[in-house]
Amino acid sequence: RVDFYAIGQSPFESIELLESYRKKEGNPWPVAEIESSVLKDLQVLLQSTKIALDHQGIISYRAGYARGGPTEWREVFADLVERAGN
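Take the sequence shown: its letters are residues 305 to 390, numbered as in my numbering.
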């Protein structure tokens, strides 16, 4: 099993607004906020940064804006499942 969270980092988008976007788009995954210090530690400098952390917290995937279509995401999630031994 792989958990997925959409994380908002804009000070102009509250968790409530992100949740309303999620519902409007029919996305099943939860949304969350993140501390700016964590974004700095992860070197997230631009919006729409995609990061996958494996079961040990190691970054296994990183992509920027307009990257990561359906095929690529299937591969990312398959890799995460394999790393976790599931």
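We put the CB at the ideal spot given by N, CA and C, even for glycine.
Given the structure is predicted, the values throughout are model-derived calculations rather than measurements.
A contact is defined here as three or more CB-CB pairs under 8 Å, and the segment 323 to 333 fails this definition with respect to the segment 351 to 360.
DSSP places I355 within a strand segment (E or B) once states are collapsed to three. Separation of H359 and F316 (C-alpha to C-alpha, rounded to the nearest whole angstrom) is 31 Å. Nearest Cα to G368 within the set W333, D307, V385 and A356: A356. Here DSSP, grouped into helix, strand and coil, assigns S364 to strand.
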